[in-house]
Amino acid sequence: MLLKVIAVILVGFIIYLLFFKNRRVDGVKKNDKLISEEMVECPTCNTYVSQSEGILSNGKFYCSKDCLNNKKA
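Start counting the sequence shown at 0; every next residue gets the next number (numbering that gives the first Met the number 0).
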C-alpha cells in the first residue's frame, strides 16, 4: 500500500516537472526581453551603461542617480 502511494506521488511530481515547470521558465524569459543588455548612452555625462543596470526616467537611461538629478533640459 505504501509503495503505491509513493509511486503515485512520484508520477505526479514527474508530470509537474514536464508540464508546469517549463511554463514558469518561459514566462521569465519573456520578461527578460523587455530590458536587454544593450548599451545606451547616458544623456547627462555621455557614458555608456547597459539597460539592465541603468536608471530609466522619461524613456531615457541614466548611469547613476547623480546624472538623473543633474539631467540636462
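Cβ coordinates follow ideal geometry from the N, Cα and C atoms, glycine included.
Source: prediction; values computed, not measured.
In this structure, the CA atom of tyrosine 47 is about 17 Å from the CA atom of asparagine 68. Excluding the 5 residues flanking it on each side, isoleucine 5 has no same chain C-beta neighbour closer than 6 Å. Per DSSP, the continuous beta strand (DSSP E) segment holding lysine 59 begins and ends at 59-61. A residue is called buried when at least 16 other Cβ atoms come within 10 angstroms of its Cβ; glycine 53 meets this threshold and is buried. Around the CB of phenylalanine 18, fewer than 16 other CB atoms lie within 10 Å, so the residue is classed as exposed.
The C-beta of phenylalanine 60 has 16 or more other C-beta atoms within 10 Å across all chains shown, which makes the residue buried.
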